[in-house]
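In the working numbering, the protein residues as written are 3 to 350.
The beta-carbon is built from N, C-alpha and C at its ideal position, and this holds for glycine as well.
What you are looking at is a predicted structure, and each value in this text was computed from that prediction instead of being measured.
Quick notes on the structure that follows.
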Amino acid sequence: MQHIAESNSPLPPQFAAQAEHQGKDIALSGIRKTYGPAVALPELSLDVPRGQFCTLLGASGSGKTTLLKIIAGFEAPDAGSVRIGGGDVTHTPIALRNIGMVFQNYALFPHMTVFDNVAFALRMRRLPRDEIRRRVGEVLELVSMDTLLGRLPRELSGGQQQRVALARALVFTPDVLLMDEPLGALDKNLRQAIQLQLKKLHHELGLTIVFVTHDQEEAMNLSERIVIMDHGRIVQAGAPEALYRTPESPFVAGFLGECNFVDRAGCMLGVRPENVRIGTQLTSSDLRHEGRIVASTFCALHWKIFIEAPGRTVVAYVPAGTGAAERTPGQSVVWGFSATDAMEFAAA
Ligand SMILES: Nc1ncnc2c1ncn2[C@@H]1O[C@H](COP(=O)(O)OP(=O)(O)OP(=O)(O)O)[C@@H](O)[C@H]1O
Ligand SMILES: [Mg+2]
């Protein structure tokens, strides 16, 4: 957690002055993209308000990277328009869109120092030497990398390289920051540290961020809004809690968090594992079913119990204090839930 503690310095003047002006809204309308016979995006529209942290979440091949590439200008859509800050940029070259990008394989220039990697974009823009020095210093301070200016990428840890990549994307104060699975290669602690740092930067700079992940926990940690994609379409979008509590379809319920599906009187119910009770934990009004415990896993805050029931495996999170007698694999068990905790879906 060292990275976080280090980054408590006040916002450098360059960013403080621009914070309230930063971030432009993105408006995608009727975007279609095909690759030969493959339809990556049939017809997609999405508005991201300025300053929003918006995450695209979806299975592999659902079109997340394609959409980012279209916003950035690496790919042109077959149909539809891209507007940034009100202006139509559908046919604007990448370099003129003022977009910062961070990708999973962050590909820093291997032969350049940390300083030179970050300065590169400013040199391309022919900024004066003094200003480059000042800006690079400020942005590296922002990501707590200002003490390692002279190192080469291979002399840095994965997380440090990732923060340099972030600095490189932020140094020219972009209107929009696009990130495609930027933390995929990092271990869990480092991921969390950088997630926190990213949240803080987002808050302080007021950036509009479109972030791609297929890690649902990461999506929940970071986003103000999650857009769930499937086969190039948006199936539902909303705040993390709203999506979790009121998914519109079994697909969304199963994609964001775990969910048990139970047929009951002709309709399909979705029940979150934390709402499943077993044995003596059941209340008198709970809907009850029979099953057999096949496995129990200790997860610190709860036990995760796998119950074999006719036609399905049910997952229950039961309190960490649940005694061995109630959770030992092999035994028969009664499991159930309150009807008020169940989410009802139209039968498929
Ligand atoms: N250059 C290309 N040529 C042909 N098909 C492509 C190309 N790029 C992407 N596709 C196809 O378009 C669809 C969407 O791909 P995309 O890379 O956007 O998915 P993704 O959601 O980013 O997946 P992942 O989570 O695996 O990165 C996939 O079916 C993919 O095979
Ligand atoms: Mg991708």
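Residue i: CB within 7 Å of a non-hydrogen atom of ligand 2
| i | result |
| --- | --- |
| Thr57 | no |
| Thr67 | yes |
| Asp182 | yes |
Residue i versus residue j - alpha carbon distance
| i | j | result |
| --- | --- | --- |
| Phe174 | His216 | 28 Å |
| Leu209 | Lys66 | 20 Å |
| Leu198 | Gly186 | 15 Å |
| Gln4 | Ile196 | Legend: pLDDT at Gln4 = 36, less than 50; position of this residue unreliable, value from coordinates given subsequently. Gln4 and Ile196: Cα-Cα distance of roughly 11 Å. |
| Val214 | Gly60 | 9 Å |
| Ala348 | Arg136 | 59 Å |
| Arg165 | Thr315 | 42 Å |
| Asp132 | Pro176 | 20 Å |
| Phe300 | Gln54 | 37 Å |
| Pro112 | Glu157 | 10 Å |
| Thr324 | Gln333 | 15 Å |
| Gln163 | Pro312 | 50 Å |
Counted within 10 angstroms of its Cβ, other Cβ atoms place residue i as buried (16 or more) or exposed
| i | result |
| --- | --- |
| Val335 | buried |
| Gln218 | buried |
| Ser286 | exposed |
| His204 | buried |
| Leu70 | buried |
| Ile211 | buried |
| Ala344 | buried |
| Ala373 | The requested residue 373 does not occur in the structure, where the chain is confined to residues 3 to 350. |
| Ala7 | Note that Ala7 scores 37 on pLDDT, short of 50, meaning its location in the model is unreliable and no value can be drawn from it. |
| Tyr37 | exposed |
| Asp80 | exposed |
| Glu183 | buried |
| Ser11 | Caution is warranted here: a pLDDT of 48 is assigned to Ser11, below 50, making its placement in the model unreliable, and no coordinate value can be reported. |
| Gly25 | buried |
Residue i vs residue j beta-carbon contact at 8 Å
| i | j | result |
| --- | --- | --- |
| Ile96 | Ile28 | no |
| Gly268 | Cys261 | no |
| Pro44 | Gly234 | yes |
| Thr115 | Gly161 | no |
| Arg294 | Gly338 | no |
| Leu168 | Val138 | no |
| Leu224 | Thr57 | yes |
| Arg227 | Ala239 | yes |
| Thr282 | Glu328 | yes |
| Leu142 | Asp148 | yes |
| Ala255 | Pro249 | yes |
Of the residues the options, the one placed nearest residue i, counting alpha carbons only
| i | options | result |
| --- | --- | --- |
| Gly264 | Thr324, Val317 and Ser47 | The identity of residue 264 in the sequence shown is Val, whereas the question assumes Gly. Measuring from the Cα of Val264, the nearest candidate turns out to be Val317. |
| Glu276 | Arg266, Gly259 and Phe347 | Gly259 |
| Gly75 | Leu224, Arg125, Gly160 and Lys35 | Lys35 |
| Val91 | Leu30, His233, Thr315 and Val296 | Leu30 |
| Trp305 | Val320, Thr248 and Ser62 | Val320 |
| Ser298 | Pro331, Pro312 and Gly325 | Pro331 |
| Lys190 | Glu220, Thr149, Asp132 and Ala78 | Glu220 |
| Val278 | Ser251, Glu250, Val296 and Ile309 | Ile309 |
| Ala171 | Pro252, Pro130 and Leu110 | Leu110 |
| Asn119 | Ser62, Met231 and Leu150 | Leu150 |
Ligand 1 heavy atom lying under 7 Å from the CB of residue i
| i | result |
| --- | --- |
| Ser31 | no |
| Ala42 | yes |
| Gly60 | yes |
| Tyr246 | no |
| Gly63 | yes |
| Tyr2 | Here the chain comprises residues numbered 3 to 350, so residue 2 is not present and cannot be evaluated. |
Within-8 Å CB hit, residue i to chain C
| i | result |
| --- | --- |
| Met181 | Structure shown: chain C not included; a single protein chain is present. |
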